[in-house]
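Visitor: The listed protein sequences correspond, in order, to chains F and U. Each residue of the first sequence is one higher than the one before, starting from 1 at the first, in my numbering. Each residue of the second sequence is one higher than the one before, starting from 1001 at the first, in my numbering. There's a structure below that I have some questions on.
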Amino acid sequence: MSILKENKIIKILLLVLFILIIISLSVLLFSSCKFGEREVTGEDLGRALNEIDEDVRVSREKVEEFEKLEKEDFNIISAYDILELSALGYQYNMQEQTTEDSFTISAYFIDGRKIMITKFLSPGKVEFFYQHLQSNLYNQGYSFDKRLKYSELCNSFLSQDESTKAYLLKKQNYLIVLTK
Amino acid sequence: MGIKKKLFILSIIFIFSITFLLPTNLAFTSKTFSDSTLQIAQGQGETEIFDTERLIPYYECPYNYVINVRDGFTKVEIQHYGEDGSFHKFGGWQAYLEVNGTRIYEWVSYTQGEGSKWYDFTDQKYYDDHPTNEYTDITKYIQAGENTITFYHYNEGAGSGITVKVYYGSTGEEGTYQEETAVEETYDQYSEEEPYQEEDYSMMLQEEKEASTRQDETSAVGVVEEEKLVFNFKSMFLDPDNPGYVLGREIPGLTEDNLKEYQGTILYKRLLGPGEYITASSSWEDVARLAVIESKVHYNYAQNLGYFKSIYNLLSVFYMVQSFRESLRDIPKQFNSLKSINSAKQLIKHKGTIIDLSSNLTGIYDTLLGIDKEGATSLGFPELDSKVMFVIGAVSSGGWSVLGDISKGLFIENAQFSINYEIKKAVLNSSLGYHAQMAHELAIKENITADEINEFFFHVRRVVILEQLDTMLNIEDSVSLWEENRDLMTSFLNFFNIIDAEAALEADLQLYDQILTNYENAEYFLQAEMSDLGLQWQY
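See the structure below:
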């Protein structure tokens, strides 16, 4: 290859590299300018906030009543089915209550255990009802005990005299409260 | 050199350039690129103008605008401008402006027909919306090099822009900037012969003289009455027989070392629950310590009870495709930072984090309400929460917020289920702890200056506000229990054998009434005390 040809190729390559650098610089500068105005979706933001929740220590404590519920899809079984699964074969007295946006059954077992199963008709309502109920339990003398491994969210509380332990489980549209 | 070798060297140069540029760009904060760097001030002879070149909306606030001032400046002026491009001394609703952390002005109040009232810290004067001189002289707060201007406001309009004019060398009255503004605004009223600018300038001088005289008077009062002042405020706010006692609660044996031991115990409930609420306070430090504990309790509760898990569920399901500010992603960092604070001394170093967290949470609540007000409310984000979180942020920043807007009546009449109770209580107590600790550090000083006395009252006033708000949050939490889902909530409480919950609510409300009355009394005494000292109440 002649020196002349070699010089020409180098010149072309130099030009290409120069253009590439300019383009890269422009793209980088532009994207950096946009950086400050970037937005995230609700999903992204939710995931970021969930990081805080992931720091909570989760206890391995076993709650027999909730064991069988873990594998069930609550969208295809009823509140009565849930009660049967968590009754562990014990006898109980039952009450029902219907409000504008919820259906509740409460069962009282002969060994003193109680379970309250509420289905919320609006999927969002269960979230804030769960939160609000917990805050009020705290104000009524119950203190937070621990987070448990079950389902989407499961917390236990202790009464002031420590005689009663309450478990609050949230799964899909259901809020289940168990006291022992 | 062979062609391959040359190509190799060129490629290395290219890769190196990219590798160097990429992290450099990513490492810069958004503002460096979006505003400051691209809007580099252009020198105009003896002056240099820095301009945000856009209006700053409320959801970007507190907004930090960094300017780089060259050595040798002689005067620096700052102004705002609105959508119509006209310049003003002040900008925004419930706004404030700081230069390198020093408060320059803040919004005070609004009266129908009269407009807003503002307080200018630079000359310690109150102003209406449009004073004669539509700018503020910030020369003494500026240093050569980087300066940070922090602007905060809260309204949903287009926002407000900031322009800063830096003079180098002579600042002469012939300075075109003010002249242009004056001509533009008063062209029809003044002929060329009329010395508008001179008149303006002499008025400024007169005002400066008056302000200076007042400052001297204030200092003189401070010196003469120093001994009396120290005695007075200590007796007024630390004496258990005084209404000020409600500002704090006694925690026997509590020290910073054993602070952690109390966390999550039944003792918390006894100390913090409504029934045990009012006991004597022995010092402002105790008030601060208790606020730190209480904030930790609520940060832990917000986390342990699954508040953020619920937020995750709501955002990921109901607002999946909606847009939110990216800076909201900093919430976990801010939350963890405040949650890990174990002492009031540590807390005062985190003022900025308290403001940032409350501002970001306000941002989430506002965005949800903006998308669908009814939907957001039904999911536990009532409008009042956004307002409460805003007040906490404003009070934390030292700004003034009219608590009158958030009255007990509002909490009772508009009490709604809120998902945000724990986080509101947490951030509020961080802010309260900050102000109480600041008050403590001033109260224990052997010799206190007039300025420090002013600052002391500044913090005490905010402690009172936050304590009132805290009481009202408790009212809201109790009342909302009965306002919505009454049947369901009754069933739940019966289930927990809490059969007298409604009667307990009545008792709680009476107690809250008493607490609020005590705070009102504390405010009257505070006002009287300040008046005795020749200090202004509304600041």
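Note that beta-carbon positions come from the ideal geometry of N, C-alpha and C, so glycine has one too. All values derive from a computational prediction rather than experimental measurement.
#1: Output yes if chain U places a C-beta closer than 9 Å to the C-beta of D55(F); else output no.
#2: Does chain F have any CB closer than 9 Å to the CB of G1159(U)?
#3: Is the CB of F129(F) under 9 Å away from at least one CB in chain U?
#4: To the nearest whole angstrom, what separates the beta carbons of I1475(U) and L1509(U), a pair I think is in contact under 8 Å?
#5: For the candidate residues V1427(U), Y1059(U), Y1105(U), L1432(U), whose alpha-carbon lies nearest to that of Q1334(U)?
#6: Please state the DSSP three-state secondary structure of V1221(U).
#7: Kindly indicate the opening and closing residues of the alpha helix (DSSP H) around T1377(U).
#8: Which bits of chain B does E39(F) rub up against, with CB to CB less than 8 Å?
#9: Are there 16 or more other CB atoms within 10 angstroms of the CB of Q91(F), so buried, or fewer, so exposed?
#10: Helix, strand or coil: which one does DSSP assign to Q1079(U)?
#11: Which value, in whole angstroms, describes the spacing of the CA atoms of R1103(U) and N1068(U)?
#12: Rounding to the nearest angstrom, what Cα-Cα distance links L1296(U) and L1305(U) in this structure?
#13: According to a CB-to-CB cut-off of less than 9 Å, which residues of the region 131–144 of chain F neighbour chain U?
#14: If I measure Cβ to Cβ from L1369(U) and keep anything under 7 Å in the same chain, skipping five residues before and after, which residues do I get?
#15: Give the single residue among Q172(F), N155(F), L15(F) whose Cα lies nearest to the Cα of K62(F).
#16: By a C-beta neighbour count over all protein chains shown, 10 Å radius and 16 as the cutoff for buried, is N1497(U) buried or exposed?
#17: May I have the straight-line CA-CA distance separating N173(F) from S1491(U), to the nearest angstrom?
#18: Between the Cα of Y1434(U) and those of E1053(U), T1139(U), Q1346(U), spot the shortest distance and give me the residue it belongs to.
#19: Less than 9 Å between CB atoms is the rule here; does N1336(U) satisfy it with respect to chain F?
#20: S1358(U) and S1418(U): beta carbons closer than 9 Å?
#21: I want to verify the contact list: residues of chain U whose CB lies under 9 Å from the CB of V177(F), in sequence order.
#22: Return the first residue and the last residue of the beta strand (DSSP E) that I110(F) is part of.
#23: Verify whether the separation of the beta carbon atoms of E1046(U) and Y1168(U) is less than 9 Å.
#24: Of all Cβ atoms in chain F, is any one closer than 9 Å to the Cβ of V1479(U)?
#25: Could you tell me whether the Cβ atoms of Y1307(U) and I1423(U) are closer together than 9 Å?
#26: What do you reckon, are the CB atoms on F1090(U) and T1163(U) nearer than 9 Å?
#27: For a contact defined as C-beta to C-beta under 8 Å, what are the partners of N1313(U) on chain F?
#28: Taking Y1312(U) and L153(F) to be in contact with their CB atoms under 8 Å, please state how far apart those CB atoms are, rounded to whole angstroms.
#29: Determine whether the Cβ of D951(U) lies closer than 9 Å to any Cβ atom of chain F.
#30: List, in order along the chain, the chain F residues whose C-beta lies closer than 9 Å to that of S1378(U)?
#31: Provide the residue span of the beta strand (DSSP E) that contains I176(F), from first to last.
#32: List the residues of chain U that A87(F) touches, going by C-beta distances under 8 Å, in chain order.
#33: Would D1487(U) count as contacting chain F if we go by Cβ distances under 9 Å?
Guide: In short, the structure shows the following:
#1: For D55(F), the nearest CB of chain U lies under 9 Å from its own CB, placing it at the interface with that chain.
#2: Taking Cβ atoms only, chain F never reaches closer than 9 Å to G1159(U), which makes this a no.
#3: So yes, F129(F) belongs to the interface.
#4: In this structure, I1475(U) and L1509(U) form a Cβ contact; the two beta carbons are roughly 7 Å apart against a cut-off of 8 Å.
#5: Distances from the CA of Q1334(U) to each of V1427(U), Y1059(U), Y1105(U), L1432(U) were compared; the closest alpha carbon is that of V1427(U).
#6: Its pLDDT being 39, under 50, V1221(U) is placed unreliably in this model, and the coordinates cannot settle the point.
#7: Per DSSP, the unbroken alpha helix (DSSP H) holding T1377(U) starts and ends at 1373–1378.
#8: Protein chains F and U are contained in the structure displayed, whereas chain B is not.
#9: It is exposed - the Cβ of Q91(F) has fewer than 16 other Cβ atoms within 10 Å.
#10: Here Q1079(U) sits in strand by DSSP.
#11: Going by the C-alpha atoms only, they are around 19 Å apart.
#12: Residue 1296(U) is actually Lys in this sequence, not Leu. Computed Cα separation, rounded: 14 Å.
#13: When CB distances to chain U are screened at a threshold of 9 Å, the residues of the region 131–144 of chain F falling below it are Q131, H132, L133, Q134, S135, N136, L137, Y138, N139, Q140, G141, Y142, S143, F144, in chain order.
#14: If we look at L1369(U) and ignore the five residues flanking it on each side, its Cβ neighbours are A1376, F1381, E1383, S1386.
#15: The residue among Q172(F), N155(F), L15(F) with its C-alpha nearest the C-alpha of K62(F) is N155(F).
#16: The Cβ neighbour count for N1497(U), taken over all protein chains shown within 10 Å, is under 16; the residue is labelled exposed.
#17: About 18 Å.
#18: Comparing Cα positions, the closest option is Q1346(U).
#19: It does; some Cβ of chain F falls within 9 Å.
#20: By the CB criterion at 9 Å, S1358(U) and S1418(U) fall outside the cutoff.
#21: Those are F1492, F1495, F1496, listed as they occur along chain U.
#22: Careful: I110(F) lies outside any beta strand (DSSP E) and carries neither H nor E.
#23: Yes. Within cutoff.
#24: Taking Cβ atoms only, chain F never reaches closer than 9 Å to V1479(U), which makes this a no.
#25: For Y1307(U) and I1423(U), yes; Cβs fall inside 9 Å.
#26: Not in contact: F1090(U) and T1163(U) (Cβ atoms no closer than 9 Å).
#27: G46, E127, E152, listed in chain order.
#28: 10 Å between Cβ atoms; not a contact.
#29: In the structure displayed, chain U extends from 1001 to 1539; residue 951(U) sits before or after that span and is not available.
#30: Residues of chain F passing the Cβ test: S122, G124, K125, F128.
#31: For I176(F), the uninterrupted beta strand (DSSP E) run begins and ends at 174–179, by DSSP.
#32: Correct list: empty, because the minimum Cβ distance to chain U is about 16 Å.
#33: Yes, D1487(U) counts as interfacial toward chain F.
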